[in-house]
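Numbering (this note's numbering), first residue to last: 325 to 551.
Here it is, written out as structure tokens:
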């Protein structure tokens, strides 16, 4: 498993990987002296770090999304935000969440297409999600007993294979899961932020990235349909 990313808490509780610091500067207009000191402490391997973090809602945003910073600016109210470095995988999300417990809602903004969830350069579907049992168990352990997972990406649950895929994620995490069955993104591009397919009772409201002017379709990145 990969090493856990370094984290820096910024207002409103933004967490950035060390490799993403240039993007962090672009996203947050000004960094206070207190936050600069926190950064220096993070770079010091002798600095202690908290073993357990409690939060009600956590938003994870894949930095592979074009203009992802506009999503950050739209969805961060009353939530902690983590920017997922490019090239990350589901296992990296699990590694990050090992220090969390009792999360009520885990929102993951990434790409999706025809029954697939795309994180970084990896596509997950009903055929390979069983290989991620350990990662999904860890993710599930970070949630509260009624915790929800909300997956934002185009057409993840658009067909029977997609709904079976979401059902398996729900089984392996023991969480209620919501995902989109159509285009996810800006209304001007034919999208919306509603997560139409749900397993169990979703008690958390979905988040609308009103400032984002694109869609969460990986075709925009890979230049074609995923196989």
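Where a beta carbon is used, it is the ideal one built from N, C-alpha and C, also for glycine.
Predicted, not measured: the structure shown is a model, and the values here were computed from it.
Residue range of the alpha helix (DSSP H) that residue 513 falls in?
No alpha helix (DSSP H) holds residue 513; DSSP gives it neither H nor E.
For residue 443, which option in 418, 520, 466, 426 has the closest C-alpha, if you only look at C-alpha atoms?
Minimum Cα distance to residue 443 is reached at 418.
Could you check which residue in 397, 527, 478, 492 has the C-alpha nearest to that of residue 470?
It is 527 whose Cα lies nearest to the Cα of residue 470.
Hey, residue 555 and residue 381: beta-carbon distance below 8 Å or not?
The requested residue 555 is not part of the displayed model; the chain covers only 325 to 551.
Which residue wins for smallest C-alpha separation from residue 494, given the options 413, 538, 464, 484?
Measuring from the Cα of residue 494, the nearest candidate turns out to be 464.
With a CB to CB cut of under 6 Å and the five nearest residues on each side skipped, what residues in its chain are close to residue 398?
These residues qualify, in order along the chain: 533, 534, 535.
Does residue 416 pass the burial test, meaning 16 or more other C-beta atoms within 10 Å, or should it be called exposed?
With 16 or more other Cβ atoms within 10 Å, it is buried.
Mind listing, in chain order, the continuous beta strand (DSSP E) runs of no fewer than 3 residues lying wholly within the stretch 411-457?
Runs of the beta strand (DSSP E) inside the stretch 411-457: 427-433, 435-437, 440-443, 446-448.
So, for residue 368: in the same chain, excluding its five sequence neighbours on each side, which residues have a beta-carbon less than 8 Å away from its beta-carbon?
Residue placement at residue 368 is poorly supported in this model, since its pLDDT is 34, which falls under 50; the coordinates are not used for a value here.
If you drop the 5 nearest sequence neighbours on each side, which residues of the same chain put their C-beta closer than 7 Å to that of residue 462?
So the list reads 418, 421, 422, once near-sequence residues are dropped.
Is residue 486 buried or exposed, if buried means 16 or more other CB atoms sit within 10 Å of its CB?
Buried, since its Cβ has 16 or more Cβ neighbours within 10 Å.
Select from 388, 395, 515 the residue whose C-alpha is nearest the C-alpha of residue 410.
The candidate whose alpha carbon is nearest that of residue 410 is 388.
Below 8 Å between beta carbons: does that hold for residue 459 and residue 480?
Against a cut-off of 8 Å, the Cβ pair of residue 480 and residue 459 comes out as no contact.
Would DSSP call residue 532 helix, strand or coil?
Residue 532 falls in the coil class under three-state DSSP.
Report the rounded CA-to-CA distance for residue 429 versus residue 482, giving the unit in angstroms.
Computed Cα separation, rounded: 22 Å.
When you compare each of 473, 448, 426 to residue 439 by their alpha carbons, which one comes out closest?
That would be 448, whose Cα lies nearest to the Cα of residue 439.
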